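*Asks:*
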Amino acid sequence: MSIASLTDPITAEGGNTRFENLDHWLQGRTMYGGASALVAYTAAIKAFSDLPPLRAAQVAFVAPTGPEVDLKREIVRQGRNVAQVRSEIWCEGKCTLTAFWLFGTEREPNAVHDAAPVDNWPGPPEEAPDTMTDKGPAFIRHNFELKRAQEQRGPGDPVVRRWARLADREGLDPVSELILLGDVLPPGAMRAMQRQGPISSINWSFNLLETAPETRDGWWLSENASQHAAGGYSSERLRLWNADGKQVLDGMQSVAIFG
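Counting from 1, position 112 in the sequence shown corresponds to residue 112 in full-length UniProt numbering; the numbering is continuous, with no gaps.
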């Protein structure tokens, strides 16, 4: 399923929308979280085309999202510099995703400092070996290329780090690209699990450090790190860097750990 097939069915009017050939974007019985977040984001920016650049978002994955949806969106508040927009996906009369998007114009800075450089730089993506070839859930096999970006394999420190890029990103703006691939990796807590079992993202919040992020050949360094795991849940920090090691996204996620 191409990126256009995922975004083109969405109209400025929202409402009832159907996506065809959704199998390539599935994670278990629901749409992959990055894809459903992109649907909600696209619904917002198509409805309100004069928004300033995206700065941050809060996304809640409430229930499984299928191919037939009802898209709802509204401007909660629009001030002189900041606009806050809510968009929701509904399936069969129930909300399956709700998202809150923060858009803001650039202002004269009163504080300036760069994000810290990436720890344990793995080297450029061009030198990294491929991984997850013909493995993993459908959305990865059909839509992403992954390369190894850490020596660690199997159990150990609860951190998963990979180079990732979309197999087809034609016509996709860079912010939409980050939303689509920002949730691509399994949680870092996977390395601390005592036995294999299903996992499920519950929410995802992030800040964009660049409003027009750029990288080389589509490669982004993605990292999920568990900060704390107990009681069937993990608190994860999600970060993205470009191919030169400049951080472009900083996020948090709550993940349900089953089994």
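Positions of the beta carbon are idealized from the N, C-alpha and C atoms, including for glycine.
Nothing here was measured: the structure is a model prediction, and the numbers come from that model.
What residues are listed by DSSP as bridge partners for G104?
*Replies:* On the sequence shown, position 104 is the one that residue 104 refers to. Answer by DSSP bridge pairing, in chain order: V82.
*Asks:* To the nearest angstrom, how far is the alpha carbon of L102 from that of E127?
*Replies:* Counting from 1 along the sequence shown, the entry for residue 102 is found at position 102. Counting from 1 along the sequence shown, the entry for residue 127 is found at position 127. L102 and E127: Cα-Cα distance of roughly 37 Å.
*Asks:* On the CB-based measure, 16 or more other CB atoms within 10 Å of its CB, does E92 come out buried or exposed?
*Replies:* As a first step, residue 92 must be located in the sequence shown, where it is residue number 92. Under this definition E92 is an exposed residue.
*Asks:* Hey, would you say F139 sits closer than 8 Å to A256, going by beta carbons?
*Replies:* Locating residue 139 in the sequence shown gives position 139, counting from the first residue. Locating residue 256 in the sequence shown gives position 256, counting from the first residue. No, Cβ-Cβ distance for F139 and A256 is not below 8 Å.
*Asks:* Identify the residues that DSSP records as bridge partners of D130: which are they?
*Replies:* Numbered from its first residue, the sequence shown carries residue 130 at position 130. The partner list for D130 (beta bridge, DSSP) reads K147.
*Asks:* Tell me which same chain residues have a C-beta within less than 6 Å of the C-beta of N207, skipping the five on either side of it?
*Replies:* Counting from one through the sequence shown, the residue named residue 207 turns up at place 207. Answer for N207: A56 and D250, listed in chain order.
*Asks:* In three-state DSSP terms, what is L185?
*Replies:* Indexing the sequence shown from 1 puts residue 185 at position 185. In the structure shown, L185 sits in coil (DSSP, three-state: anything other than H, G, I, E or B).
*Asks:* Within this structure, are the beta carbons of A47 and A83 separated by less than 8 Å?
*Replies:* In the sequence shown, residue 47 corresponds to position 47, counting from 1. In the sequence shown, residue 83 corresponds to position 83, counting from 1. Not in contact: A47 and A83 (Cβ atoms no closer than 8 Å).
*Asks:* Would you tell me roughly how many angstroms separate the C-alpha atoms of W90 and Q194, rounded to the nearest one?
*Replies:* Residue 90 sits at position 90 when you count from the first residue of the sequence shown. Residue 194 sits at position 194 when you count from the first residue of the sequence shown. Taking the straight line from one Cα to the other gives about 35 Å.
*Asks:* With R162 and T131 assumed to form a contact (beta carbons below 8 Å), what rounded beta-carbon distance in angstroms separates them?
*Replies:* For the purposes of this step, residue 162 is identified with residue 162 of the sequence shown, where counting begins at 1. For the purposes of this step, residue 131 is identified with residue 131 of the sequence shown, where counting begins at 1. At roughly 7 Å, the Cβ-Cβ gap stays under 8 Å, so R162 and T131 are in contact.
*Asks:* Between which two residues does the alpha helix (DSSP H) carrying residue 260 extend?
*Replies:* Summary: the structure shown does not reach residue 260, with the chain confined to residues 1 through 259, and so no result is reported for it.
*Asks:* Compare the C-alpha of N16 against each of S2, R73, D157 and I45 and name the closest.
*Replies:* Position 16 of the sequence shown, counted from the start, is the residue given in the question as residue 16. Taking only the C-alpha atoms, the option nearest N16 is R73.
*Asks:* Fully enclosed by the region 189-221, which alpha helix (DSSP H) runs are 4 residues long or longer?
*Replies:* If we require 4 residues or more, the region 189-221 turns out to have no alpha helix (DSSP H) run fully inside it.
*Asks:* Assuming the contact rule is C-beta atoms closer than 8 Å, D173 and S201 should be a hit. Round their C-beta distance to whole Å, please.
*Replies:* Position 173 of the sequence shown holds residue 173. Position 201 of the sequence shown holds residue 201. At roughly 23 Å, the Cβ-Cβ gap does not stay under 8 Å, so D173 and S201 are not in contact.
*Asks:* So, with DSSP's three-state summary, where would you put V59?
*Replies:* Here residue 59 corresponds to residue number 59 of the sequence shown, with the count starting at 1. Reduced to three states, the DSSP call for V59 is strand.
*Asks:* Tell me which residue opens and which closes the beta strand (DSSP E) that V255 is part of.
*Replies:* Along the sequence shown, read from residue 1 onward, the residue named residue 255 stands at position 255. Q247 to I257 is the extent of the beta strand (DSSP E) around V255.
*Asks:* Could you give the DSSP three-state label for V175: helix, strand or coil?
*Replies:* Stepping through the sequence shown from its first residue, residue 175 is reached at position 175. Helix.
*Asks:* By alpha-carbon positions, which one of D157, M31, V39 and G28 ends up nearest to I10?
*Replies:* By one-based count along the sequence shown, residue 10 stands at place 10. Looking at the Cα atoms, V39 is the closest of the given residues.
*Asks:* Please report the residue range of the beta strand (DSSP E) in which V112 lies.
*Replies:* Looking up residue 112 in the sequence shown gives position 112. No beta strand (DSSP E) holds V112; DSSP gives it neither H nor E.
*Asks:* How would you call K94, buried or exposed, if buried means at least 16 neighbouring beta carbons within 10 angstroms?
*Replies:* Within the sequence shown, residue 94 is the residue found at index 94, counting from 1. Under this definition K94 is an exposed residue.
*Asks:* Using DSSP bridges, identify the partner residues of E236.
*Replies:* By one-based count along the sequence shown, residue 236 stands at place 236. Paired residue(s): S226 and Q253.
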